[in-house]
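Protein chains: 2
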Amino acid sequence: MLFFTQCFGAVLDLIHLRFQHYKAKRVFSAAGQLVCVVNPTHSLKYAATRCAAAQASTEQGILPPCHHHEAVHDPQVVPCTCPLFSCPWEGHLEVVVSHLRQTHRISILQGAEIVFLATDMHLPAPTDWIIMHSCLGHQFLLVLRKQEKYEGHPQFFATMMLIGTPSQANNFTYRLELNRNQRRLKWEATPRSILECVDSVISDGDCLVLNTSLAQLFSDNGSLAIGIAITTSKVHSSEAEM
Amino acid sequence: MLFFTQCFGAVLDLIHLRFQHYKAKRVFSAAGQLVCVVNPTHSLKYAATRCAAAQASTEQGILPPCHHHEAVHDPQVVPCTCPLFSCPWEGHLEVVVSHLRQTHRISILQGAEIVFLATDMHLPAPTDWIIMHSCLGHQFLLVLRKQEKYEGHPQFFATMMLIGTPSQANNFTYRLELNRNQRRLKWEATPRSILECVDSVISDGDCLVLNTSLAQLFSDNGSLAIGIAITTSKVHSSEAEM
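Just so you know, the protein sequences line up as chains L and E, in that order.
Quick note: the first sequence uses the UniProt record's numbering, first residue 1, plus one each step.
Quick note: the second sequence uses the UniProt record's numbering, first residue 1, plus one each step.
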């Protein structure tokens, strides 16, 4: 009986997912954009240890290992940690893509403009939604994280990381766009290098930040569609610090 | 001696203000936009009482007086409260502009695109920065508020209110834009009517929300420049709920 109930549940999930996918495709097909349905990754096994270690090292004025990269001449052999909240993996920049694909089964999408459709936004924090994005000769990682920076108040943080060094990241600009219910929110910035910990980008709040109520306004049936575009950098025309 | 120290302080403030104004003018003159230097209004005399009253009435399922307007046929005689956090004024829609100008000395600026330069962002929460903006035959109110939604964590909330009814507000779209340090953040939405309490817009988070660190990244010498544009409404081309 339990087996049949589970099977029925799985079939319902599949129908729901296909419905969401087709709906998203219909919405964004006019713009000719590729839609990627992204399910959450939320294993929390190592999260607490890793956060505590990162916090302790920052408090002692020691940068986490992922920051010690500038002295290495070949960017491919730079030591690097896995950007997922839940993963303790450490290796080199040249193998982080294969680690993400093989261990976390993260998809790679092609194209300069895509739509990231994160499902199950109601899941408790911390949760990550991640895709890899290949364009302009490089690979980028979009990380959407639900996290409680203030206890009892989960927020959503979205940022784009280049799988490369900080100097390579400076050559690009990424844009994240939410558009629903007569509201539009756009965030444009230089991607951060994957060698800078995603945890510190998020704790600094230097990314697109959404509180739960705004995320609900932008989401549809528990899924949040984020339009992503990457371009080569140009100085913003009305840059305020000129 | 105290008198001379105070005079010297006042002169220094004036020089600082003029410097900020000229700097802002220089930055935005290329775009031909009007820059308005906005000083904070942070009298808190009545704030606690008003908030407590609003909260109590919401908890009891009673809407505050500013919501009871739909039954009145002439929008000009609709009862209305002052949108400032600190002010207990109650009156009619037709006199709210003169109240804001006379009691709070809020400037009115002309033009569809202006730059709002909020000074002294470091002041403790709650603090309001407010201007009136006259364009397209209507008057709008930009409210920037620093408030601690989570204790010990002040955030900035920016929203545009139409001095008119909700149905009049639906005819417009406003855009707020921050642009500095290779980051750009844009928020587009329908203005809310001044008859809807600004407190509830902010507590719902249905506005541009900035945490302190992001506000610091976008600000220059303690001042935050927000580009404002108002247009007549059109359906967003890639509206996700089509």
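Here a beta-carbon is modelled for each residue, glycine too, at the ideal position from N, C-alpha and C.
Would the C-beta of glycine 111 of chain L count as close to the ligand PLP, meaning under 8 Å from any of its heavy atoms?
Inclusion of the ligand PLP in the displayed structure is not the case, the ligand content being empty and no account of it being possible.
To be precise: take each residue of the UniProt domain "Seven-in-absentia protein TRAF-like" (134-228) of chain L, compare its Cβ to all Cβ atoms of chain E, and keep it if any distance is under 7 Å. Which residues remain?
Those would be Tyr150, His153, Asn179, Arg180, Asn181, Gln182, Arg183, Arg184, Leu185, Lys186, Trp187, Glu188, Ala189, Thr190, Asp204, Gly205, Asp206, Val209, Asn211, Ser213, Leu214, Leu217, Asp220, Ala225, in chain order.
Rounding to the nearest angstrom, what Cα-Cα distance links valine 37 of chain L and proline 126 of chain E in this structure?
C-alpha separation (whole angstroms): 41 Å.
Have a look at phenylalanine 218 of chain E and leucine 141 of chain L and give me their C-alpha separation to the nearest angstrom.
Approximately 25 Å between the Cα atoms of the pair.
Does the Cβ-Cβ distance between glutamate 227 of chain E and glutamate 151 of chain E come in under 9 Å?
For clarity, residue 227 of chain E is glycine in the given sequence; the question names glutamate instead. Their beta carbons are not under 9 Å apart, which means glycine 227 of chain E does not touch glutamate 151 of chain E by this criterion.
Do glutamine 168 of chain L and cysteine 135 of chain L have their C-beta atoms within less than 9 Å of each other?
Contact: no.
Given a cut-off of 9 Å on the beta-carbon distance, is the pair leucine 123 of chain E and serine 223 of chain E in contact?
No, the pair does not count as a contact, with Cβ atoms beyond the cut-off.
Quick check on DSSP: helix, strand or coil for threonine 127 of chain E?
Residue state, collapsed to three classes: strand.
If you follow the alpha helix (DSSP H) that histidine 122 of chain E is part of, which residue opens it and which one closes it?
Unbroken run through histidine 122 of chain E: none, as it is neither H nor E.
How close, in whole Å, do the beta carbons of isoleucine 106 of chain E and glutamine 139 of chain E come, if the pair is a contact with beta carbons under 8 Å?
That pair is no contact at about 11 Å.
Nearest to histidine 99 of chain L by alpha carbon, out of L:Cys82, L:Val78, L:Ile230?
The residue with the shortest Cα to Cα distance from histidine 99 of chain L is L:Cys82.
Is there a Cβ from chain L that is less than 9 Å from the Cβ of serine 57 of chain E?
Residue placement at serine 57 of chain E is poorly supported in this model, since its pLDDT is 42, which falls under 50; the coordinates are not used for a value here.
Using a 10 Å radius around the Cβ and a threshold of 16 neighbouring Cβ atoms, would you call glutamine 102 of chain L buried or exposed?
Exposed is the call here.
Go to proline 79 of chain L, then tell me how far its beta strand (DSSP E) extends in each direction, as first and last residue.
That run of the beta strand (DSSP E) goes 79-81.
Please check if any C-beta of chain C sits within less than 9 Å of the C-beta of glutamate 90 of chain E.
The structure shown has no chain C; the protein chains it does contain are L and E.
Buried or exposed: glutamate 90 of chain E, going by 16 or more other Cβ atoms within 10 Å of its Cβ?
The residue in question, glutamate 90 of chain E, is exposed, as its Cβ has fewer than 16 Cβ neighbours within 10 Å.
For the candidate residues L:Thr231, L:Val35, L:His104, whose alpha-carbon lies nearest to that of residue 268 of chain L?
Because residue 268 of chain L is not part of the residues shown, which for chain L are 1 to 242, the question remains open.
Which word fits aspartate 206 of chain L, buried or exposed, when buried means at least 16 other C-beta atoms lie within 10 angstroms of its C-beta?
The residue is buried, with at least 16 neighbouring Cβ atoms inside 10 Å.
Quick test of your reading: threonine 41 of chain E and glutamine 182 of chain L, contact by CB under 8 Å. State the CB separation rounded to the nearest angstrom.
About 29 Å; that fails the 8 Å criterion.
List the residues that DSSP assigns as beta-bridge partners of arginine 184 of chain E.
L:Glu188, E:Asn179.
Report the residue from L:Cys80, L:Pro88, L:His104 whose alpha carbon sits nearest the alpha carbon of glutamate 94 of chain L.
The option with the nearest alpha carbon to glutamate 94 of chain L is L:Cys80.
Are there 16 or more other CB atoms within 10 angstroms of the CB of histidine 153 of chain L, so buried, or fewer, so exposed?
With fewer than 16 Cβ atoms within 10 Å of its Cβ, histidine 153 of chain L is classed as exposed.
According to DSSP, which residues form a beta bridge with alanine 158 of chain L?
According to DSSP, which records beta bridges pairwise, alanine 158 of chain L is partnered with L:Leu144, L:Leu208.
Where glutamate 165 of chain L and arginine 192 of chain L are concerned, what is the direct C-alpha to C-alpha distance, given to the nearest angstrom?
One detail in the question is off: residue 165 of chain L reads as threonine in this sequence, not glutamate. For threonine 165 of chain L and arginine 192 of chain L, the distance between alpha carbons rounds to 9 Å.
Can you tell me whether isoleucine 202 of chain L is helix, strand or coil according to DSSP?
Correct three-state label for isoleucine 202 of chain L: helix.
Do residue 254 of chain E and phenylalanine 157 of chain E have their C-beta atoms within less than 9 Å of each other?
Outside the displayed range of chain E (1 to 242) lies residue 254 of chain E, so it cannot be described from this structure.
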